[in-house]
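Take 2 as the starting number for the sequence shown in this note's numbering and just add one per residue.
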Amino acid sequence: MKAPGGMLLASVELNRTGSVPLYRQLYLQIRQQILAGHLHGGMRLPSTRTLCSELGLSRITILNAFDQLTAEGFLESRTGAGTYVCAEWEGRAAAADEPRKAPRLSSLSQSLLSMRSDHFSGINYTAWNPDCPTSFLPSHAAYDAFPLALWKRLLSRHLRQPTKAMLSYGELMGQQALREAIAGYVYDARGIDCSAQQVVIVSGAQQAFNLLSMLLLDPQDSVWMEDPGHIAARITFQAQGCRVVPLRIDEEGMDVQQGLRECPKARLAFTTPARQHPLGTTMSYARRLELIEWAGRESGWIIEDDCDSEYRYQGRAQPALYAMDQRARVLHVGTFSKVLFPSLRLGYVILPEALVEPFCAMRAVMDRSPATLLQAVTADFMREGYFLGHIRRMRTLYQARQDCLLEKLQQRLGGFIEVKPVAAGMHVIGWLAPELDDAAVASGLSSQQIYTYALSDYCIQRYLPPGLLIGFAGTPEDQAEAKVAALAQALRAMGHRV
Ligand SMILES: Cc1ncc(COP(=O)(O)O)c(C=O)c1O
């Protein structure tokens, strides 16, 4: 049988030239051996004399290490009998040798993980690399055109004189100045008449979807969901244990009549009426009325994801659903991810008065509120007139980028992808021949560092031909030719005749 002292002596390795004191190295290594189960509870350690001579250490070094281990409950000294590993490490030591079992997860996380965490065939969310090229990725803004110098100036203004309010916990609803700026913006741009007391700042639209689901939905509740639709929102409802009822999209938007036929008692409807995500349709006035009427009659809720309402290139923007609703059934969600930048993690939700307090209570459980400093900079950006100017500039830029990219796509890949200009948003759909598998195409392209999303990833039921979502906002005009040439080359490498 091996002498435990021998095992200890054999495994201790000391670095005599490093910066970590020798007593600390000895302490850490004995502790590690106890935790790993190599030194069992009740084992006697070699005497300090043996350790001194075998390890070439002074007695005081060893006593320092032992004292610390004794104070932390790893060792005990028995008068006249030596130093022992405390008995309570007996059972725990054996457990350390067992193969690691998968952790036991809650039902909520199990149901989340059973859905794909890598939502897209083209790009894996969990392995997302912020350095990857975003030229064709939908939902990515023109980072090259963001007014960074201005942003830096606004930020420094607060950093030069950081107030207590900037540094301490922020208001649960979000910074008052930002809420007022948002209330002003949605009044002018979206026809929404609300007070700053109805605006709550969140860490992006996705957090609003999660909090609203927790607040309003129970497991087994039915949710009308656009099909195809916003994947991250759909997963939120599924994770909550809800039944998602897919509703088709036609030229007027979400098919409300299908919802009335198949599940009139749904508790909530999720929609992107300003610019249907991902197809790009604008919900017609008649369809809006149908939806609002259903919600009022059935006491259903409507989450209006107002994403991309800012980027409209043709026609007049319709007022928000929230602005049309007289019965306080619409929850309006906006984000700064596309108009400013997504790492800001700022969005907002405009709530009927009765929901503000419970929503904020939920929010407090999650993470209180986003960084006050960034809220303050965003508020200044809005109040001092830069926000509207930035949106106007980006609208012109994106329109030009869309025209240019479409021209190049049509010239080089017209026989392979069918693209039509969109009236709003930041991506087009590149329709593929019916026999192609869009997920396989997106995945083949991503392995060559060209990122697009497959339309089928967004679909619950398959009724649409295959397609790719191709973002245009991130492709400067002078790079469009080269990017499309690289896309064509990658498709050829995959065996497509382009
Ligand atoms: C349809 C839709 N809604 C909302 C968002 C914004 O989400 P977040 O504010 O969490 O970044 C996106 C981002 O891509 C989106 O595509």
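Where is the CB? At the ideal position from N, CA and C, for every residue including glycine.
For Ile-183, which of helix, strand or coil comes out of DSSP? helix
Give the single residue among Ala-425, Ser-108, Gly-230, Glu-385 whose Cα lies nearest to the Cα of Ala-401. Ala-425
Mapping DSSP to helix, strand and coil, what is Ile-461? coil
Taking 7 Å as the cut-off, is the CB of Pro-247 close to at least one heavy atom of ligand 1? no
For Asn-16, count neighbouring Cβ atoms within 10 angstroms of its own Cβ and tell me buried if that reaches 16, exposed if not. exposed
Does Tyr-1 pass the burial test, meaning 16 or more other C-beta atoms within 10 Å, or should it be called exposed? The question about residue 1 has no answer, for the chain in this structure spans 2 to 499.
Which partner residues of Arg-393 appear in the DSSP bridge assignment? Its beta-bridge partners do not exist; DSSP assigns none.
Presumed contact (8 Å Cβ cut-off) between Gly-175 and Ile-202, rounded CB distance: 2 Å
I believe Glu-227 touches Met-255 by the beta-carbon criterion, under 8 Å. Please report the beta-carbon distance rounded to the nearest angstrom. 5 Å
Using 8 Å as the threshold, is the C-beta distance between Gln-449 and Ala-494 below it? yes
Could you name each continuous beta strand (DSSP E) segment of 3 residues or more that falls completely within the region 184-224, going from the start of the chain to the end? 200-203
Please tell me whether, using a cut-off of 7 Å, the distance from the CB of Ala-206 to the nearest non-hydrogen atom of ligand 1 is below it. yes
Which term fits Gln-412, buried or exposed, when burial requires 16 or more other beta carbons within 10 angstroms of its beta carbon? exposed
Run through DSSP, which three-state label would Gly-417 get? A quick correction: the sequence has Phe, not Gly, at residue 417. Residue state, collapsed to three classes: coil.
Helix, strand or coil, according to DSSP, for Glu-73 in the structure here? coil
Close Cβ partners of Pro-343 (< 6 Å) along its chain, the five nearest in sequence each way excluded: none
Tell me whether the beta-carbon of Leu-352 lies closer than 8 Å to the beta-carbon of Phe-337. no
From Arg-244, Asn-211, Leu-218, Ala-234, residue whose alpha carbon lies closest to that of Phe-271: Ala-234
With distances taken Cα to Cα, identify the nearest neighbour of Glu-419 among Leu-375, Pro-466, Asp-381. Pro-466
Three-state secondary structure (DSSP) of Glu-172: coil
Opposing strand residues paired with Tyr-85 [DSSP bridges]: Arg-45, Glu-77
Unbroken stretches of the alpha helix (DSSP H), 4 residues or longer, contained in the region 240-298: 257-263
C-beta atoms of Arg-276 and Asp-309 nearer than 8 Å: yes
Beta-ladder partner(s) of Val-334, from DSSP: Asp-306, Val-350
Relative to ligand 1, is the shortest distance from any of its heavy atoms to the C-beta of Asp-306 smaller than 7 Å? yes
Hey, is Cys-87's beta-carbon within less than 8 Å of any beta-carbon in chain B? Note that chain B does not occur in the displayed structure, where there is just one protein chain.
Between which two residues does the beta strand (DSSP E) containing Leu-470 stretch? 468-472
Report the CB separation of Leu-470 from Ile-430 in whole angstroms; it is logged as a contact under 8 Å. 6 Å
Mind checking Met-2: buried by the 16 CB within 10 Å criterion, or exposed? With a pLDDT of only 41 at Met-2, under 50, the local geometry of the prediction cannot be trusted, and the value read off the model is given with reservation. Met-2 should be labelled exposed.
Using a Cβ-based criterion (distance less than 7 Å to any ligand heavy atom), does Pro-466 qualify as near ligand 1? no
Ser-323 and Met-427 closer than 8 Å at C-beta: With the sequence shown as reference, residue 323 is identified as Tyr, and Ser is not the correct amino acid for it. Result no, Cβ atoms of Tyr-323 and Met-427 do not sit closer than 8 Å.
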